[in-house]
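Just add 75 to wherever you are in the sequence shown, counting from 1, and you've got the working numbering.
Note sheet for the following structure.
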Amino acid sequence: MKLEIKNIHKSFSGKKILHDVSFTVTTGKAMGFLGRNGAGKTTTIRALMDVFKADEGHFLIDGKPFEPRKFNIGYLPEERGMYAKEKIMNQLVYFAQLRGIKKAQAKASAEYWLKRFELDYAKNHKLETLSKGNQQKVQIAQSLIGDPDILIFDEPFSGLDPVNSQVLKDVIREKIEEGKLVIFSSHQMTYVEEFCDEITLIEKGRIILSGNLDEIKNSMGKSKIRLKSANVQNGELKEKIQNLTSSLDISEDKKSLIIQLPDNNNLSNFLNQCLKAGIEIEMISPYQPSLTDIFIQKVGEEHA
């Protein structure tokens with residue numbers, strides 16, 4: 076399947092929230108939909124789910140108008156929406172039935188996911204009796220019941236400890252490999268990098284970046300290298316290299332120096348200069364920015 080979000084506009088009380096939002100999601104490739112709080116992620120998702128209508132634009136699935144009610148969609152919202160004082164199994168079946176899943180299938184699927192998340196002991200417990208992390212697992216189970224074709228996860232790792240995070244990672248990878256259409260939204264960039272082939276970055280209701288994550292990293296890391304010395308610490312190393320040539324843009328992180336080579340500076344010539352200056356090179360590699368670096372840079376450019 077291919078889901079196309081095309082030229083979506085949305086206003087509330089005369090205030091424009093979404094401005095010509097467009098991006099594409101395909102099965103087997105998770106899309107990381109990223110943005111700061113209030114950037115427009117939830118508004119876009121709610122318009123997609125037909126919670127309210129977009130003012131302009133279209134949602135298409137394989138080239139045809141997307142009608143959410145005709146698809147089995149698993150949605151995990153960031154805000155918890157289940158009932159604290161109701162029994163877990165009862166409400167899992169209830170929410171599944173609201174999505175058009177038959178009661179027997181819903182119960183069997185709920186049993187499976189509760190067992191998968193090690194919560195089968197709690198199926199007749201009230202939700203409020205569980206820890207925050209276990210409540211999150213119940214909400215995740217709710218989104219997975221009935222084997223949805225489309226999965227939308229908004230901050231799925233919130234409240235999960237490392238063991239349960241690993242269980243969820245395994246589940247998400249399975250769903251991607253099964254060819255499900257997955258939209259993944261999180262402020263925890265390391266998780267997005269683990270799962271997402273594509274990213275879309277929204278800021279102030281506008282898409283400011285969208286595409287293949289590896290290609291974006293390669294493009295933004297162009298002409299930059301990582302360099303670490305075996306005999307000189309980063310601070311001193313930076314000073315030594317700047318003494319070799321003042322035209323270099325040099326920054327650093329915990330791993331190494333990050334050096335922007337000018338277009339006219341040949342890498343082999345630069346390395347020869349380092350060796351002549353007595354710098355023993357422990358590591359050199361092409362630089363790829365992290366997703367956090369990309370996010371901060373692009374949002375900063377938008378504000379500038």
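Where a beta carbon is used, it is the ideal one built from N, C-alpha and C, also for glycine.
Since this is a predicted model, take the numbers as computed values, not measurements.
Can you check which of these residues, K313, L342, T320, is closest to S326 by C-alpha distance?
Numbered from 1 along the sequence shown, position 251 holds the residue referred to as residue 326. When only C-alpha atoms are compared, the closest one is K313.
Just list the alpha helix (DSSP H) runs in the segment 155-239, keeping only unbroken ones of 4 residues or longer that don't cross its boundaries, in chain order.
Correct list: 163-173, 178-191, 207-219.
Give me whichever residues DSSP pairs with P140 in a beta bridge.
Within the sequence shown, the letter at position 65 stands for residue 140. Note: P140 sits in a beta bridge opposite L135.
Can you tell me whether DSSP reads A105 as helix, strand or coil?
For the purposes of this step, residue 105 is identified with residue 30 of the sequence shown, where counting begins at 1. Looking at A105 - three-state DSSP - the assignment turns out to be strand.
Within its chain, find whatever has a CB closer than 6 Å to the CB of I283; leave out the 5 residues flanking it on each side and keep chain order.
Residue 283 sits at position 208 when you count from the first residue of the sequence shown. Once the five neighbours on either side are set aside, the close Cβ partners of I283 are L276, K373, E377.
With distance defined between alpha-carbon atoms, name the residue in K292, E203, S322, P152 nearest to K162.
Here residue 162 corresponds to residue number 87 of the sequence shown, with the count starting at 1. That would be E203, whose Cα lies nearest to the Cα of K162.
Please check if any C-beta of chain B sits within less than 8 Å of the C-beta of S233.
You won't find chain B in this structure, because it holds only one protein chain.
Please work out which residues of its chain come closer than 8 Å, Cβ to Cβ, to A181, disregarding the five sequence neighbours upstream and downstream, and give them in chain order.
Taking the first residue of the sequence shown as position 1, residue 181 is located at position 106. Excluding positions up to five away in sequence, the list reads L167, V168, A171, Q172, I220, G221.
Here's a check: name, in chain order, each residue in its chain whose Cβ is nearer than 7 Å to the Cβ of L194, leaving out the five neighbours to either side.
Position 119 of the sequence shown, counted from the first residue, corresponds to residue 194. Once the five neighbours on either side are set aside, the close Cβ partners of L194 are N209, K212, V213.
How far does the beta strand (DSSP E) with I148 in it reach, from first residue to last?
Against the sequence shown, residue 148 aligns to sequence position 73. 148-151 is the extent of the beta strand (DSSP E) around I148.
With which residues is K42 paired in a DSSP beta bridge?
With the chain running from 76 to 379 in the structure shown, residue 42 is simply not present.
Taking just the CA atoms, how far does L189 sit from A197?
Along the sequence shown, read from residue 1 onward, the residue named residue 197 stands at position 122. Along the sequence shown, read from residue 1 onward, the residue named residue 189 stands at position 114. Cα to Cα, A197 sits roughly 8 Å from L189.
Of the choices Y150, P152, A183, whose alpha-carbon is the least far from that of M164?
Position 89 of the sequence shown, counting from 1, holds the residue named residue 164. Residue A183 is the option with its Cα nearest to M164.
Whose C-alpha, out of Y158, N199, K145, is nearest the C-alpha of R174?
As a position in the sequence shown, residue 174 is number 99, starting the count at 1. Per the Cα distances, K145.
Based on DSSP bridge pairs, tell me the residues matched to V242.
Here the question's residue 242 lines up with position 167 in the sequence shown. Per DSSP, none; premise fails for V242.
If you count every other CB in all the chains shown that lies within 10 Å of the CB of S304, and 16 or more means buried, which is it?
The sequence position of residue 304 within the sequence shown is 229, counting from 1. S304 should be labelled buried.
Which residue comes first and which comes last in the beta strand (DSSP E) that contains D324?
Numbered from 1 along the sequence shown, position 249 holds the residue referred to as residue 324. Run containing D324: 324-327, per the beta strand (DSSP E) assignment.
Count Cβ pairs between the segment 285-294 and the segment 247-259 that sit closer than 8 Å; are there 3 or more?
The segment 285-294 is not in contact with the segment 247-259.
Within its chain, find whatever has a CB closer than 8 Å to the CB of E252; leave out the 5 residues flanking it on each side and keep chain order.
Locating residue 252 in the sequence shown gives position 177, counting from the first residue. Answer for E252: G103, listed in chain order.
Report the option in G89, D130, K90 whose CA atom is closest to the CA atom of K81.
Within the sequence shown, the letter at position 6 stands for residue 81. Of the candidates G89, D130, K90, the one whose C-alpha sits nearest the C-alpha of K81 is D130.
For the beta strand (DSSP E) holding G296, just list the boundary residues, first then last.
Counted from its first residue, the sequence shown places residue 296 at position 221. No beta strand (DSSP E) holds G296; DSSP gives it neither H nor E.
Can H94 and G280 be called in contact, C-beta distance under 8 Å?
As a first step, residue 94 must be located in the sequence shown, where it is residue number 19. As a first step, residue 280 must be located in the sequence shown, where it is residue number 205. In contact: H94 and G280 (Cβ atoms closer than 8 Å).
If we ignore side chains and look at the alpha-carbon of each, how far apart do M295 and I369 end up?
Position 220 of the sequence shown holds residue 295. Position 294 of the sequence shown holds residue 369. In a straight line, the C-alpha of M295 is about 8 Å away from that of I369.
Could I get the ranges of all uninterrupted alpha helix (DSSP H) runs contained in the segment 259-296, with 4 residues as the minimum, in chain order?
Runs of the alpha helix (DSSP H) inside the segment 259-296: 264-270, 288-295.
Quick one: give me the first and last residue of the beta strand (DSSP E) that L366 is part of.
What you label residue 366 is simply residue 291 of the sequence shown in a count that begins at 1. Counting along the chain, L366 falls outside any beta strand (DSSP E), though it belongs to the alpha helix (DSSP H) covering 366-378.
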